[in-house]
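Single-structure report; data block below.
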Amino acid sequence: MLNLPIRLDRNEVPFDPPPHVIAAARDGLSQLNRYAEPEDLARLRALLGDYTGVPDRHIILGPGSDFLLREMIHVFAPERKVVMLSPSFLPTVEVAWERAASWQGLRLSPPSFALRPRLLVAETCEPCLAVIDSPNNPTGQITLTRETVRAVLKNPDVLLVVDAAYHEFAEMSLRDRMSGGGPFVKLVEDYPNLAVTRTLDKAFSLAGARVGYVVAGDIFREAFASFYALLPQPSLHAAIAALQMPAYAWENVDRLIQERERVRETLDDMGVCVYPSVTNFLLIRSELPDAALRLRDRGVLVWDVSNQLPPGFIRVSIGTRDENEVFLDAFSHIGEKGTAATAQTGASR
Amino acid sequence: MKKTTVGLIVNPVAGMGGSVGLKGTDGQMHERAVALGAEPVTPRRTRDTLGHIARWDEISLLAAPEQMGAAYLEETEVPFRVVGEISRDTSAMDTKRIAAQMIAQGADLLLFVGGDGTARDIYDAVGTSVPVVGVPAGVKVFSSAFALSARAAAKMVDEFVAGAPLTEEEVLDIDEAAFRDDRLASKLYGTLMVPEVRSSLQPAKAASNVSAPTEEVKKDIASFIVEKMDPETLYLLGPGTTVRAVADALGVPKTLLGVDAVHGGKLVGEDINEEDILALFERYGARKIIVTPIGGNGFIFGRGSKQFTPTVIKAVGRENLIIVGTRHKVNRLDCLRVDTGDLEVDKMLSGYTKVTVGYRQGMMVNVRC
Numbered sequence: 046m047l048n049l050p051i052r053l054d055r056n057e058v059p060f061d062p063p064p065h066v067i068a069a070a071r072d073g074l075s076q077l078n079r080y081a082e083p084e085d086l087a088r089l090r091a092l093l094g095d096y097t098g099v100p101d102r103h104i105i106l107g108p109g110s111d112f113l114l115r116e117m118i119h120v121f122a123p124e125r126k127v128v129m130l131s132p133s134f135l136p137t138v139e140v141a142w143e144r145a146a147s148w149q150g151l152r153l154s155p156p157s158f159a160l161r162p163r164l165l166v167a168e169t170c171e172p173c174l175a176v177i178d179s180p181n182n183p184t185g186q187i188t189l190t191r192e193t194v195r196a197v198l199k200n201p202d203v204l205l206v207v208d209a210a211y212h213e214f215a216e217m218s219l220r221d222r223m224s225g226g227g228p229f230v231k232l233v234e235d236y237p238n239l240a241v242t243r244t245l246d247k248a249f250s251l252a253g254a255r256v257g258y259v260v261a262g263d264i265f266r267e268a269f270a271s272f273y274a275l276l277p278q279p280s281l282h283a284a285i286a287a288l289q290m291p292a293y294a295w296e297n298v299d300r301l302i303q304e305r306e307r308v309r310e311t312l313d314d315m316g317v318c319v320y321p322s323v324t325n326f327l328l329i330r331s332e333l334p335d336a337a338l339r340l341r342d343r344g345v346l347v348w349d350v351s352n353q354l355p356p357g358f359i360r361v362s363i364g365t366r367d368e369n370e371v372f373l374d375a376f377s378h379i380g381e382k383g384t385a386a387t388a389q390t391g392a393s394r
Numbered sequence: 004m005k006k007t008t009v010g011l012i013v014n015p016v017a018g019m020g021g022s023v024g025l026k027g028t029d030g031q032m033h034e035r036a037v038a039l040g041a042e043p044v045t046p047r048r049t050r051d052t053l054g055h056i057a058r059w060d061e062i063s064l065l066a067a068p069e070q071m072g073a074a075y076l077e078e079t080e081v082p083f084r085v086v087g088e089i090s091r092d093t094s095a096m097d098t099k100r101i102a103a104q105m106i107a108q109g110a111d112l113l114l115f116v117g118g119d120g121t122a123r124d125i126y127d128a129v130g131t132s133v134p135v136v137g138v139p140a141g142v143k144v145f146s147s148a149f150a151l152s153a154r155a156a157a158k159m160v161d162e163f164v165a166g167a168p169l170t171e172e173e174v175l176d177i178d179e180a181a182f183r184d185d186r187l188a189s190k191l192y193g194t195l196m197v198p199e200v201r202s203s204l205q206p207a208k209a210a211s212n213v214s215a216p217t218e219e220v221k222k223d224i225a226s227f228i229v230e231k232m233d234p235e236t237l238y239l240l241g242p243g244t245t246v247r248a249v250a251d252a253l254g255v256p257k258t259l260l261g262v263d264a265v266h267g268g269k270l271v272g273e274d275i276n277e278e279d280i281l282a283l284f285e286r287y288g289a290r291k292i293i294v295t296p297i298g299g300n301g302f303i304f305g306r307g308s309k310q311f312t313p314t315v316i317k318a319v320g321r322e323n324l325i326i327v328g329t330r331h332k333v334n335r336l337d338c339l340r341v342d343t344g345d346l347e348v349d350k351m352l353s354g355y356t357k358v359t360v361g362y363r364q365g366m367m368v369n370v371r372c
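So the sequences go chain by chain: A and B. Under this note's numbering, the first residue of the first sequence is numbered 46, with each subsequent residue one higher. Under this note's numbering, the first residue of the second sequence is numbered 4, with each subsequent residue one higher.
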């Protein structure tokens with residue numbers, strides 16, 4: 046039987062990191078009285094350079110990509126208009142509301158949630174900071190193409206930050222490629238006004254380690270020249286070990302994509318309004334405005350998106366097969382009265 | 004400790020049209036719904052709500068008689084006192100009369116169960132004088148004055164008892180005959196005061212500490228609009244509380260449901276119709292319209308709007324529309340909508356347009372027709 050509640054609300058990867066990564070984190074624990082060594086930080090940056098295919102001078106490390114995103118907004122937003130998607134990752138949006146000289150949201154509307162390239166290009170024709178997540182959270186859709194990115198970057202007064210936290214899932218969903226490069230990161234060598242934020246939280250099963258990075262163009266590199274994040278020893282060692290043998294991340298991604306498609310098809314068969322996704326989560330539109338609350342009563346936590354989309358929208362992370370089964374069972378019964386006890390019955394089946 | 008007095012009023016026939024495909028039970032439609040075998044939906048919604056209220060110790064409850072309230076309480080242990088009398092077939096008059104009686108007997112909050120029509124009855128009876136919590140039980144409930152669900156309504160009652168701030172939300176006049184005809188047509192009927200509750204569902208990471216209360220956001224929007232106003236331009240202020248906030252910031256009175264005109268910071272037209280507007284256009288060259296989407300279905304111009312006719316909209320032009328709305332309201336919409344009755348005008352208005360959602364904050368939103 047699974048322990049309740051089941052957390053499908055934070056887009057974590059449900060699989061443990063492999064033994065060599067756990068062992069490295071333990072090594073790091075044995076050095077808790079010491080700050081991280083500069084050589085180790087340099088080693089991680091070099092590995093990320095190899096992984097992304099970009100010279101390591103473009104890599105900036107930080108405790109989580111969301112932290113780095115917020116730092117960039119703090120640095121660049123006070124004198125600029127900030128352009129973002131709506132919906133998007135809310136903690137980042139909220140910092141922008143607070144800090145930006147002005148804020149311009151671009152609404153992604155159901156059912157396609159597509160971002161019209163012309164709309165983005167038109168909104169970025171004046172000096173501004175555009176922070177665009179692709180794939181977008183919570184819609185799970187790709188929002189940027191290489192052509193759109195180039196069109197935006199043509200204006201040197203526009204700073205573009207692409208939040209690509211779910212990039213590995215998108216890469217494998219779309220092309221079955223297994224490189225870490227992704228569609229935009231290499232552009233940072235040509236465009237000083239581009240930065241791409243990424244993370245080991247997701248595909249690498251390291252959410253608890255909080256290792257994020259920016260693949261940064263020169264404008265961002267210069268602004269962050271004095272930004273020096275000493276990562277915690279266990280996180281640093283785990284990240285190095287993970288990138289030395291990164292194949293497991295792609296196995297994680299592959300398994301989750303298969304499971305995501307199974308869950309999506311099951312929901313689809315149930316007649317549920319579920320949207321296509323290239324990430325490790327699905328966006329669902331329930332007819333019940335309090336669907337998230339009802340699922341919680343049945344022992345399943347999902348993300349309630351009703352503060353950014355109309356009532357009834359929920360985002361569910363893909364868990365293990367057993368966890369997803371509990372979710373599907375709970376979801377098929379949320380129109381009825383029920384409690385966590387019924388969810389437990391579902392899990393033991 | 005003084006208890007909070009809550010009055011419970013249930014519209015026992017609300018929502019009955021849905022199961023038999025009638026879209027609403029206004030007027031005589033209720034009898035048709037019964038003839039078609041419709042089952043009442045309000046009992047469960049009412050019991051759900053009552054079952055989720057936690058602060059009963061701090062509440063003194065008044066209830067309308069029988070199936071309008073008391074019937075759902077007899078199976079609970081909650082003490083209550085019956086207010087008013089009803090005949091066998093209940094009607095809107097019962098709702099209005101009992102609401103007024105409850106206020107007279109000291110109700111601090113009215114808890115009502117029903118649809119848009121019930122909300123209009125409650126508005127007619129109490130206006131914004133007393134806060135309310137609406138439990139949605141209609142076929143399709145559009146008014147934003149309603150809670151999202153029975154449980155959300157229970158939480159609003161609890162938060163009200165605990166001293167939550169109030170916000171003004173919309174009651175819509177849905178044309179049920181048109182809705183049955185698959186046309187959405189709605190206009191603002193009035194507003195009700197409701198407790199403002201922040202979502203308690205999100206874990207701490209998402210807990211918003213920068214989102215200001217709705218009434219503050221409306222003031223921010225208004226300050227921004229007023230700062231940008233040109234003294235030589237005529238501004239037509241449409242219905243709604245967000246637009247009223249603009250009038251408040253200017254220090255001029257505003258007809259909540261109507262259109263008023265401002266020039267040079269002064270009121271030059273009050274509750275004006277198409278003819279008055281066209282006359283003003285003779286006097287003033289530059290002109291702009293300030294509107295807010297009607298909650299729920301997002302109409303900025305609908306068939307119900309007798310002042311902003313296609314002729315008026317054409318004379319103003321798309322580029323001179325100023326659309327305002329709180330983020331909270333805009334986020335709840337799939338898109339903005341127009342249905343002016345003139346296809347050419349609807350097409351002119353469609354596509355992405357800017358909505359001012361805060362001080363120096365905008366959102367590009369798609370307008371569909």
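Backbone N, C-alpha and C fix where the C-beta goes; we use that ideal spot for every residue, glycine too. This one's a predicted model, so the numbers in the text were calculated from it and none came from an experiment.
Fill in: Reference Gly243(B); option with closest CA among Asp111(B), Leu195(B) and Ala103(B)
The alpha carbon of Gly243(B) has as its nearest neighbour, out of Asp111(B), Leu195(B) and Ala103(B), the alpha carbon of Leu195(B).
Fill in: Which of helix, strand or coil DSSP assigns to Met232(B)
Coil, per DSSP.
Discussion item. Any beta carbon from chain A within less than 8 Å of Arg340(B)'s own beta carbon?
Written reply: Residue-level contact by beta carbon fails for Arg340(B) and chain A, as no gap is shorter than 8 Å.
Worksheet item: Which whole runs of the beta strand (DSSP E) in the stretch 31 to 111 of chain B are 3 residues long or more, in chain order?
Response: Entirely contained in the stretch 31 to 111 of chain B, the beta strand (DSSP E) runs reaching 3 residues are, in chain order, 62 to 66 and 83 to 85.
Worksheet item: Between Glu61(B) and the rest of its own chain, which residues show a CB-CB distance below 8 Å, the 5 nearest in sequence each way excluded?
Response: Correct list, in chain order: Met4, Lys6, Thr7 and Val164.
Discussion item. Just to confirm the assignment, what range does the beta strand (DSSP E) spanning His266(B) have?
Written reply: Counting along the chain, the beta strand (DSSP E) containing His266(B) begins and ends at Asp263 to His266.
Item to complete: Pull out every residue of the stretch 309 to 336 of chain A whose Cβ sits closer than 9 Å to any Cβ of chain B, in chain order.
Response: Of all residues in the stretch 309 to 336 of chain A, only Leu333, Pro334 and Asp335 come within less than 9 Å of chain B when Cβ atoms are compared, listed by chain position.
Worksheet item: Mind checking if Asn373(B) is an interface residue toward chain A, Cβ cutoff 8 Å exclusive?
Response: The requested residue 373(B) does not occur in the structure, where chain B is confined to residues 4 to 372.
Worksheet item: Do Val373(B) and Val327(B) have their C-beta atoms closer together than 8 Å?
Response: Given a span of 4 to 372 for chain B in the structure shown, any question on residue 373(B) remains unanswerable.
Item to complete: May I ask you to list, following chain order, the residues of the stretch 146 to 162 of chain A that have a beta carbon less than 8 Å from some beta carbon of chain B?
Response: Within the stretch 146 to 162 of chain A, the residues whose Cβ lies closer than 8 Å to some Cβ of chain B are Ala146, Ser147, Trp148, Gln149, Gly150, Leu151, Arg152, Ser154, Pro155 and Arg161, listed in chain order.
Discussion item. Between the stretch 275 to 287 of chain A and the stretch 129 to 138 of chain A, can you find at least three pairs of beta-carbon atoms closer than 8 Å?
Written reply: Flag = no, the stretch 129 to 138 of chain A and the stretch 275 to 287 of chain A do not touch.
Worksheet item: What does Ser362(A) pair with, by DSSP beta-bridge criteria?
Response: Under the DSSP definition of a beta bridge, Ser362(A) partners with Phe326(A).
Worksheet item: Between the stretch 362 to 371 of chain A and the stretch 53 to 61 of chain A, do at least 3 Cβ pairs fall closer than 8 Å?
Response: Short answer: they touch.
Discussion item. In the DSSP assignment, the alpha helix (DSSP H) including Val348(B) goes from what residue to what residue?
Written reply: From DSSP, the alpha helix (DSSP H) with Val348(B) extends over Leu346 to Leu352.
Discussion item. Contact between the stretch 276 to 290 of chain A and the stretch 75 to 86 of chain A is defined here as three or more beta-carbon pairs at a separation below 8 Å; is this criterion met?
Written reply: Two segments are said to touch when three or more pairs of C-beta atoms, one from each, lie closer than 8 Å; by this definition the stretch 276 to 290 of chain A touches the stretch 75 to 86 of chain A.
Worksheet item: Taking 8 Å as the CB-CB cut-off, is Ala207(B) touching chain A?
Response: Because the pLDDT at Ala207(B) is just 33, under 50, the model does not fix this residue reliably, and the value given afterwards should be weighed accordingly. Not a single CB atom of chain A sits nearer than 8 Å to the CB of Ala207(B).
Worksheet entry | Start-to-end residues for the alpha helix (DSSP H) that takes in Tyr126(B) | Residue range Asp119 to Val129 is occupied by the alpha helix (DSSP H) that includes Tyr126(B).
Worksheet item: Can you name the residues that DSSP bridges to Gly257(A)?
Response: Gly257(A) pairs with Gly107(A) and Thr244(A).
Worksheet item: If you draw a straight line from the C-alpha of Lys221(B) to the C-alpha of Met232(B), how long is it?
Response: Looking at the backbone, the Cα of Lys221(B) and that of Met232(B) are separated by about 17 Å.
Worksheet item: Taking Cβ positions only, does Gln76(A) come closer than 8 Å to chain B?
Response: Contact of Gln76(A) with chain B is not assigned, every C-beta pair being separated by 8 Å or more.
Worksheet item: For Arg154(B), which residues in chain A fall below 9 Å Cβ to Cβ?
Response: Within chain A, the residues near Arg154(B) are Asp335, Leu338 and Arg339.
Practice prompt. Give the residues of chain B in contact with Gln289(A), contact being defined as C-beta atoms less than 9 Å apart.
Written response: Going along chain B, no residue has its Cβ under 9 Å from Gln289(A), so there is no contact; the nearest lies around 30 Å.
Item to complete: Run down chain A in chain order and give the residues with a C-beta less than 8 Å from the C-beta of Leu336(B).
Response: Leu336(B) reaches chain A at Pro355, counting residues in chain order whose Cβ is nearer than 8 Å.
Discussion item. Considering Cα atoms alone, identify which of Gly354(B), Ser132(B) and Gln70(B) is closest to Gly109(B).
Written reply: Here the closest residue by C-alpha is Ser132(B).
Worksheet item: Mind checking if Leu164(A) is an interface residue toward chain B, Cβ cutoff 8 Å exclusive?
Response: Yes, its Cβ sits closer than 8 Å to a Cβ of chain B.
Discussion item. Using a Cβ-Cβ cutoff of less than 6 Å, which residues in the same chain neighbour Asp124(B) once the five nearest sequence positions on both sides are dropped?
Written reply: In the same chain as Asp124(B), and ignoring 5 residues on each side of it, the C-beta atoms closer than 6 Å to its own belong to Ala95, Thr98 and Lys99, in chain order.
Worksheet item: From Leu339(B) to Lys199(A), what does the alpha carbon distance come to, in whole angstroms?
Response: Rounded to the nearest angstrom, the two C-alpha atoms are 32 Å apart.
Worksheet entry | Identity of the residue in Gly261(B), Leu112(B) and Ala122(B) nearest Glu277(B) by Cα | Nearest option by C-alpha distance: Gly261(B).
Discussion item. Taking the alpha-carbon of Thr217(B) as reference, which of Cys372(B), Pro168(B), Gly288(B) and Val265(B) has the nearest alpha-carbon?
Written reply: Answer by Cα proximity: Pro168(B).
Worksheet item: Fully enclosed by the stretch 107 to 142 of chain A, which beta strand (DSSP E) runs are 3 residues long or longer?
Response: The qualifying runs are 126 to 131.
Worksheet entry | Partners in chain B for Ser133(A), counting only beta-carbon separations shorter than 7 Å | By Cβ distance, chain B contributes nothing, its closest Cβ being about 12 Å from Ser133(A), past 7 Å.
Practice prompt. Note down, in chain order, each residue of its chain lying with its Cβ closer than 7 Å to the Cβ of Met290(A), except the 5 sequence neighbours on either side.
Written response: Excluding residues within five positions, the ones whose Cβ falls inside 7 Å are His65.
Practice prompt. May I ask you to list, following chain order, the residues of the stretch 269 to 288 of chain B that have a beta carbon less than 7 Å from some beta carbon of chain A?
Written response: If the cut-off is 7 Å between Cβ atoms, the stretch 269 to 288 of chain B has nothing near chain A.
Discussion item. Taking its Cβ as the centre, do 16 or more other Cβ atoms sit within 10 Å of Pro123(A), making it buried, or is it exposed?
Written reply: Exposed, by the Cβ-count rule.
Worksheet item: In chain A, which residues lie less than 7 Å from Leu151(B) when you measure between Cβ atoms?
Response: Residues of chain A passing the Cβ test: Pro334, Asp335 and Pro356.
Discussion item. Using the three-state DSSP reduction, which class does Ala175(A) fall into: helix, strand or coil?
Written reply: In the displayed model, Ala175(A) falls within a strand according to three-state DSSP.
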